[in-house]
Structures are given as structure tokens and as C-alpha cells.
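For the sequence shown, the positions run 0 to 258 when numbering that gives the first Met the number 0 is used. Working notes, beginning with the structure itself.
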Amino acid sequence: MSDNGARPADDVAPALRLRDVRYDYTDGTAGLRGVDLDIAAGELVAVLGPNGAGKSTLMRLLNGLLRGDGTIDIFGTRLTDDSVRAIRSRVGLLFSNPDDQLFSPTVLDDVAYGPLHQGLDADEVLSRSRDALAQVGMAAYEDRTPHRLSLGEKKRVAIATVLSMRPDILVLDEPTSALAPAARHELIELLRELPQTQIIATHDMAMARELASHVVVLSDGRVVGNGPTEVVLGDSELLREHDLEPALHGHAGAPHDSA
Numbered sequence: 000m001s002d003n004g005a006r007p008a009d010d011v012a013p014a015l016r017l018r019d020v021r022y023d024y025t026d027g028t029a030g031l032r033g034v035d036l037d038i039a040a041g042e043l044v045a046v047l048g049p050n051g052a053g054k055s056t057l058m059r060l061l062n063g064l065l066r067g068d069g070t071i072d073i074f075g076t077r078l079t080d081d082s083v084r085a086i087r088s089r090v091g092l093l094f095s096n097p098d099d100q101l102f103s104p105t106v107l108d109d110v111a112y113g114p115l116h117q118g119l120d121a122d123e124v125l126s127r128s129r130d131a132l133a134q135v136g137m138a139a140y141e142d143r144t145p146h147r148l149s150l151g152e153k154k155r156v157a158i159a160t161v162l163s164m165r166p167d168i169l170v171l172d173e174p175t176s177a178l179a180p181a182a183r184h185e186l187i188e189l190l191r192e193l194p195q196t197q198i199i200a201t202h203d204m205a206m207a208r209e210l211a212s213h214v215v216v217l218s219d220g221r222v223v224g225n226g227p228t229e230v231v232l233g234d235s236e237l238l239r240e241h242d243l244e245p246a247l248h249g250h251a252g253a254p255h256d257s258a
């Protein structure tokens with residue numbers, strides 16, 4: 000990590016390196032205002048911040064879905080117009096609303112979409128898709144219609160659509176949002192078991208404490224906190240200053256929709 004976090008060794012490229020990353024919305028409003036960040040391979044990093052802090056914007060910049068100023072390097076490869084296709088195969092993005100990611104007639108069709116468009120042969124596409132569904136505990140659902148699944152099931156299938164691409168980095172935007180407690184717990188356990196480097200934008204402070212090795216706090220498009228989870232979440236003054244509730248041990252009682 001950068002700043003308060005431990006930096007990777009000089010001769011080892013971090014999984015992710017951002018330098019002076021900026022982004023302005025179409026109306027001219029600044030979304031990100033010069034973000035510097037290093038994330039080492041294998042880390043699980045929670046990105047916290049109030050509404051409008053720039054979390055979702057940052058998530059979309061990491062695989063080139065949005066393009067701003069500054070530099071983004073993925074395992075030493077600069078994100079550019081020429082490299083964006085290759086970068087997207089290494090950085091899997093999960094949207095906060097799974098309905099934005101699921102659009103095919105069946106679960107298997109959705110999970111197969113990415114590898115199919117990588118030009119892989121049919122057997123490899125099927126193998127990857129079934130492996131990804133097994134990873135998220137949804138192997139028995141491949142013939143189901145996505146829009147008839149529960150929210151928790153949809154989120155698992157959406158993760159499978161990313162895993163089928165065999166990414167090195169997972170970027171997840173509010174993965175536990177609106178989940179009932181049981182589905183939230185199951186999703187956290189799933190994320191804990193995945194081997195990829197993970198960057199998770201979230202309002203779920205309890206999940207950040209439980210799952211993340213490092214925490215980054217964004218506010219008004221800037222990094223205002225960055226370091227080991229216990230250090231950042233233990234700084235109650237920093238959290239209050241940026242409209243974040245200090246995380247309690249265990250899951251705070253946040254409102255939920257159905258799983």
C-alpha cells in the first residue's frame with residue numbers, strides 16, 4: 000500500500016499502482032482529485048467513504064471502464080488504449096447491482112459470456128464457466144433464469160461471470176449492499192476464500208474490519224486515510240470527520256432487503 004501501508008519491494012511490481020489519478024464528470028465536477036495508491040498482490044483492500052466520495056468512480060477506472068488522467072499500472076503494465084483489452088482480462092469488475100451484469104437467458108450463458116468473447120474454444124468456455132459456478136456454490140443453477148434468482152444468488156452468479164475470465168484482481172462495488180444477514184455472511188465467506196487480490200468499495204464497516212487487510216478512506220475524491228485495517232478503523236476522529244460510523248466488532252445492524 001502507499002502512505003501508511005507497507006510498500007512492495009522495489010523490484011516487485013505491485014498488483015496495482017495509481018499515481019495522480021484524476022477524473023472529472025461530464026458536468027465538470029471533480030470525481031477524483033489526485034489519487035496515489037499501491038496495492039500488493041494478494042491483498043484484500045476495503046475502500047470506504049461517504050456517498051459521493053469517488054469510490055464507484057475509482058472502481059470503474061481500474062479496468063478502463065472510465066478513463067481519466069494520471070497513471071494506472073496493473074502488475075507493471077500501464078493502462079492505455081492499447082492495453083485496455085488485456086487489462087480487462089486481468090481486472091474483473093463486479094457492479095453493485097447484479098442486474099447490470101446479468102442479461103442472458105440462463106445462468107450458464109451469463110457466466111460463459113466473457114470467456115466466449117475472449118475467443119476460447121467451446122470446451123474451455125464450458126469448463127471455465129462450470130468451474131466458476133462451482134467456486135461460488137451455484138453449480139446446480141446453470142439452467143436457471145437469472146432474473147428469477149434471489150439477490151444473494153444473483154450476486155454469486157455475477158461474481159462467477161467475473162471468475163470465469165480468470166482475473167488476477169477482483170474489483171467489487173458494494174458487494175454486500177441490500178443483502179439479508181445470512182446472504183451477507185455467505186458472501187463474505189466466499190470472498191474470504193477467493194485467492195485473487197481484491198479491492199472492495201463498501202459502506203459495510205463491519206465487513207471491512209472482518210475481511211480486509213488494509214483500508215483506504217476516500218473523501219471528496221481524495222485519499223484521506225490509508226493503512227492497516229485496525230489502524231484506520233481505530234481512528235474514530237478520522238471516521239467521524241468523513242461521515243463514517245466507527246465499525247464495531249461483529250455486524251452492525253444495517254437495513255437489508257431480501258437475500
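For glycine and all other residues, C-beta sits at the position ideal for the given N, C-alpha and C.
Reduced DSSP secondary structure (H/G/I, E/B, other) of residue i
i, result
"Tyr140", "helix"
"Pro227", "strand"
"Ala200", "strand"
"Arg319", "Nothing about residue 319 can be reported from this structure: the residues present for the chain run from 0 to 258 only."
"Ser218", "strand"
"Val20", "strand"
"Arg165", "coil"
"Ala12", "coil"
"Arg239", "helix"
"Gly151", "helix"
"Leu31", "strand"
"Ala261", "Past the boundaries of the shown model lies residue 261; the chain is included only from 0 to 258, so the question cannot be answered."
"Leu171", "strand"
"Leu210", "helix"
"Leu36", "strand"
"Pro245", "coil"
"Ser55", "helix"
"Leu193", "coil"
"Leu232", "helix"
"Leu61", "coil"
"Thr25", "coil"
"Ala159", "helix"
"Ala205", "helix"
Rounded Cβ spacing between residue i and residue j (contact assumed at less than 8 angstroms)
i, j, result
"His241", "Ser218", "4 angstroms"
"Leu243", "Val170", "Not quite, the Cβ-Cβ distance comes to about 21 angstroms (not below 8 angstroms), so this is no contact."
"Val46", "Lys54", "5 angstroms"
"Leu162", "Leu190", "That belief does not hold up - the Cβ atoms of Leu162 and Leu190 are roughly 11 angstroms apart, past 8 angstroms."
"Thr175", "Thr144", "Their Cβ separation, rounded to whole angstroms, is 24 angstroms, which puts Thr175 and Thr144 out of contact at 8 angstroms."
"Asp35", "Ala29", "Contact doesn't hold; Cβ gap of about 16 angstroms is too wide."
"Ile71", "Leu78", "4 angstroms"
Beta-carbon proximity check, residue i vs residue j, cutoff 7 angstroms
i, j, result
"Ile168", "Thr196", "yes"
"Asp109", "Leu101", "yes"
"Gly220", "Arg87", "no"
"Arg18", "Gly63", "no"
"Arg127", "Pro114", "yes"
"Pro166", "Gly91", "yes"
"Asp37", "Phe94", "no"
"Ala14", "Ala40", "yes"
"Thr105", "Asp142", "yes"
"Gly151", "Leu178", "yes"
"Ala207", "Val215", "no"
"Gly75", "Arg21", "no"
"Val135", "Arg155", "yes"
"Leu237", "Pro245", "no"
"Arg89", "Ile73", "yes"
"Pro97", "Lys153", "yes"
Distance cut-off 6 angstroms: residue i Cβ against heavy atoms of the ligand FMN
i, result
"Ile38", "Of the ligands one can find in the structure shown there are none, so the ligand FMN has no counterpart to examine."
If we require 4 or more residues per run, which alpha helix (DSSP H) segments fall completely within the stretch 65–148? Counting only runs of 4 or more, we get 83–89, 106–115 and 121–134.
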